[in-house]
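Asker: 1 is the number of the first residue of the sequence shown in UniProt numbering; add one for each residue after it. Glycine included, every Cβ here is placed at the ideal spot set by N, Cα and C. I'd like to ask you about the structure that follows.
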Amino acid sequence: MSTSMQNHYDILGVSRNASTLDIKGAYSRILQSNHPERTGLHGPSAKTQADKLIRAANAAWAVLSNPITKEMYDRTLPPKMPWSQYATSPSGGLGARPPSPSKARADEPRLTDNHSHSEVKGKEAEFRTMKTSAGTLVNIKISNWRLDILFSKKFRFINDVSELSDPTKTSDIVSFEIGLERDKNANEVCDPTINELTIKVQEVPGKLHISNIQTIFRELSARTTSLIITLTATNMPWLIQRTLPWEFGFEFDMNNQFATINRQRATCMIFSVEEPPLEVQTGRGIGTPEHVLKEDELKANAWCVLGDDRLCTVMYGSGRVEMWGLVAVGYRKGARLGAFV
Numbered sequence: 001m002s003t004s005m006q007n008h009y010d011i012l013g014v015s016r017n018a019s020t021l022d023i024k025g026a027y028s029r030i031l032q033s034n035h036p037e038r039t040g041l042h043g044p045s046a047k048t049q050a051d052k053l054i055r056a057a058n059a060a061w062a063v064l065s066n067p068i069t070k071e072m073y074d075r076t077l078p079p080k081m082p083w084s085q086y087a088t089s090p091s092g093g094l095g096a097r098p099p100s101p102s103k104a105r106a107d108e109p110r111l112t113d114n115h116s117h118s119e120v121k122g123k124e125a126e127f128r129t130m131k132t133s134a135g136t137l138v139n140i141k142i143s144n145w146r147l148d149i150l151f152s153k154k155f156r157f158i159n160d161v162s163e164l165s166d167p168t169k170t171s172d173i174v175s176f177e178i179g180l181e182r183d184k185n186a187n188e189v190c191d192p193t194i195n196e197l198t199i200k201v202q203e204v205p206g207k208l209h210i211s212n213i214q215t216i217f218r219e220l221s222a223r224t225t226s227l228i229i230t231l232t233a234t235n236m237p238w239l240i241q242r243t244l245p246w247e248f249g250f251e252f253d254m255n256n257q258f259a260t261i262n263r264q265r266a267t268c269m270i271f272s273v274e275e276p277p278l279e280v281q282t283g284r285g286i287g288t289p290e291h292v293l294k295e296d297e298l299k300a301n302a303w304c305v306l307g308d309d310r311l312c313t314v315m316y317g318s319g320r321v322e323m324w325g326l327v328a329v330g331y332r333k334g335a336r337l338g339a340f341v
């Protein structure tokens with residue numbers, strides 16, 4: 001069968017339920033078995049066929065190795081056969097808005113003040129807040145994850161955390177939405193001293209490592225804003241920075257672009273330890289922050305020109321691990337921000 005008629009899983013010879021390690025192993029075997037030093041001995045036709053297979057395998061690996069692009073690609077495939085519905089596979093990974101959380105039971109106990117439970121699907125997300133000299137610190141516990149989220153004084157935390165991921169299906173992806181309000185009078189607005197957001201991961205399932213971060217900072221009305229944070233952990237023994245806590249800080253709000261004035265808008269940021277494919281770096285196809293905002297509740301249909309700010313690399317941790325960053329600011333043409341309420 002021609003590779004053009006096969007999906008990425010077929011090309012690598014793995015099932016759609018294969019783990020990242022299985023996918024990587026299949027990809028490595030294809031590269032090794034079709035290396036020019038081996039195929040060159042069998043004539044030009046064999047070399048041409050091997051080159052085609054390597055290009056197809058590279059394209060498959062670029063999509064399936066990244067939870068952002070894999071989640072979106074899986075949605076383009078036909079539904080699985082009924083007998084595979086019980087197989088274990090991730091849900092709600094990066095690059096997509098996870099299912100809406102289910103309502104909590106009426107008799108379910110809820111903490112008050114700085115102790116609360118969000119209405120979630122699966123285990124509850126318990127959080128506690130504390131004001132610090134730098135901003136607001138939110139300690140969140142979801143399933144086997146425990147995180148400290150620090151917001152600068154540019155934003156007010158409105159005591160709302162909703163879990164969006166489903167811990168009954170996967171524990172290596174966690175996603176949650178936080179309600180925020182801007183504080184336009186804060187000194188931090190004019191004279192910033194810290195990152196708008198700092199994520200410190202205290203606990204993750206098993207011996208996994210953080211591989212991807214995605215944020216969507218959405219403004220659908222003049223006062224209501226929300227920040228969706230999605231973290232993915234994978235088995236990456238090659239990482240230098242292996243110990244917890246894992247800490248990463250950055251600016252998540254680029255919504256105040258000229259083109260977005262008084263429009264419904266959102267900033268999507270994606271950070272990954274894996275270098276994104278060239279087409280993703282240039283804003284094309286599945287896995288780009290533009291595609292995320294197009295599929296998001298915002299349904300963005302126009303984009304701000306960010307120039308060199310769209311792609312960056314940053315270093316973090318004592319081991320100086322490189323992280324690739326992509327950002328897009330999208331808005332809805334004709335969709336104005338609602339009046340202040």
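So, using beta-carbon positions, are residue 257 and residue 327 closer together than 8 Å?
Answerer: No, the pair does not count as a contact, with Cβ atoms beyond the cut-off.
Asker: Are residue 66 and residue 287 touching if we call contact CB-CB under 8 Å?
Answerer: Closer than 8 Å, so yes.
Asker: Just to confirm before moving on: does the CB-CB distance between residue 179 and residue 226 stay below 8 Å?
Answerer: Contact flag set, yes.
Asker: Just grab the DSSP bridge partners of residue 201 for me.
Answerer: DSSP, once it has assigned bridges, lists 147, 246 as partnering residue 201.
Asker: Please report the straight-line C-alpha distance between residue 259 and residue 51, rounded to a whole angstrom.
Answerer: Cα to Cα, residue 259 sits roughly 44 Å from residue 51.
Asker: Per DSSP, which one or two residues make a beta bridge with residue 138?
Answerer: According to DSSP, residue 138 bridges with 129, 149.
Asker: State the Cα-Cα distance for the pair residue 295 and residue 197, rounded to the nearest angstrom.
Answerer: When rounded, the distance between both Cα atoms is 24 Å.
Asker: Could you give the distance in angstroms between the alpha-carbon of residue 129 and the alpha-carbon of residue 245?
Answerer: The alpha-carbon atoms of residue 129 and residue 245 are separated by roughly 19 Å.
Asker: Thinking just about the alpha-carbon of each residue, which of 63, 36, 165, 45 is nearest to the one in residue 11?
Answerer: The shortest Cα separation from residue 11 among 63, 36, 165, 45 belongs to 63.
Asker: With a threshold of 16 other CB atoms inside 10 Å of the CB of residue 184, please say whether the residue is buried or exposed.
Answerer: Its Cβ having fewer than 16 others within 10 Å, residue 184 is exposed.
Asker: So if DSSP puts residue 190 in a beta bridge, which residue, or which two residues, is it bridged to?
Answerer: Partner(s): none; residue 190 has no beta bridge.
Asker: Give me the residue from 205, 176, 209, 188 with the minimum Cα distance to residue 215.
Answerer: The option with the nearest alpha carbon to residue 215 is 176.
Asker: For residue 152 versus residue 212, is the C-beta spacing smaller than 8 Å?
Answerer: No, the Cβ-Cβ distance between residue 152 and residue 212 is not below 8 Å.
Asker: Considering only the alpha carbon of each residue, which of 137, 142, 337, 158 lies closest to residue 150?
Answerer: The shortest Cα separation from residue 150 among 137, 142, 337, 158 belongs to 137.
Asker: Alpha carbon to alpha carbon, how far is residue 283 from residue 290?
Answerer: Residue 283 and residue 290: Cα-Cα distance of roughly 7 Å.
Asker: Helix, strand or coil: how does DSSP classify residue 28 here?
Answerer: It is helical.
Asker: Can you find the residues in the same chain that come closer than 6 Å, C-beta to C-beta, to residue 108, ignoring five residues on each side of it along the sequence?
Answerer: Interpretation of residue 108 is limited by its pLDDT of 33, a score under 50 that renders its predicted location unreliable; the figure taken from the coordinates is listed afterwards. Once the five neighbours on either side are set aside, residue 108 has no close Cβ partner at all.
Asker: In three-state DSSP terms, what is residue 160?
Answerer: Here residue 160 sits in strand by DSSP.
Asker: List the DSSP bridge partners of residue 257.
Answerer: Residue 257 pairs with nothing; no bridge assigned.
Asker: Check whether the Cβ atoms of residue 159 and residue 21 sit closer than 8 Å, and answer yes or no.
Answerer: Not closer than 8 Å, so no.
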